[in-house]
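K.L.:
Handing you a structure now.
Residue numbers (the working numbering): 5 to 126.
In structure tokens form, the structure reads like this:
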């Protein structure tokens, strides 16, 4: 099916699809809600801290990365679940790898926060 939307109309439609994705993640994924609340708190703290702009960007960016990876993991899980509920080794591997990616993103965020705050306040 050809996409006849161009320019500003395409941007508006894409933003609408993105908003639907945010709502779906918030409504259907407990982990996304938990990490979202943690991200809002962490971003507020990063904005409140007396740190330079680069440090603030790294603090916020590491937290936003967790949200991005969680959303991709949720998309993988939804696609796998759409295929069927029967166990398949490749489906399990895909879900496990998505989960591992979220864990790595969380570990990176924790490392960034500890390293930068240690350097700044330690």
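In this text, a Cβ means the ideal position worked out from N, Cα and C, and glycines have one as well.
Could you give the distance in angstroms between the alpha-carbon of residue 107 and the alpha-carbon of residue 93?
P.N.:
21 Å
K.L.:
Just to confirm before moving on: does the CB-CB distance between residue 36 and residue 74 stay below 8 Å?
P.N.:
yes
K.L.:
Mind checking which residues open and close the alpha helix (DSSP H) that includes residue 116?
P.N.:
Residues 93 to 125.
K.L.:
From which residue to which residue does the alpha helix (DSSP H) around residue 76 run?
P.N.:
57 to 87
K.L.:
Which residues bound the alpha helix (DSSP H) around residue 39?
P.N.:
34 to 52
K.L.:
Comparing C-alpha positions only, which one of 123, 72 and 79 sits nearest to residue 39?
P.N.:
72
K.L.:
Who are the near neighbours of residue 98 in its chain, counting only those whose CB is closer than 8 Å to its CB and skipping five residues on each side?
P.N.:
80 and 84
K.L.:
Inspect the beta-carbon positions of residue 102 and residue 76 and report whether they are closer than 8 Å.
P.N.:
In contact: residue 102 and residue 76 (Cβ atoms closer than 8 Å).
K.L.:
Applying the criterion that 16 or more other CB atoms from any shown protein chain within 10 Å of the CB defines a buried residue, is residue 44 buried or exposed?
P.N.:
exposed
K.L.:
Would you call the CB atoms of residue 109 and residue 61 closer than 8 Å?
P.N.:
no
K.L.:
I believe residue 113 touches residue 78 by the beta-carbon criterion, under 8 Å. Please report the beta-carbon distance rounded to the nearest angstrom.
P.N.:
18 Å between Cβ atoms; not a contact.
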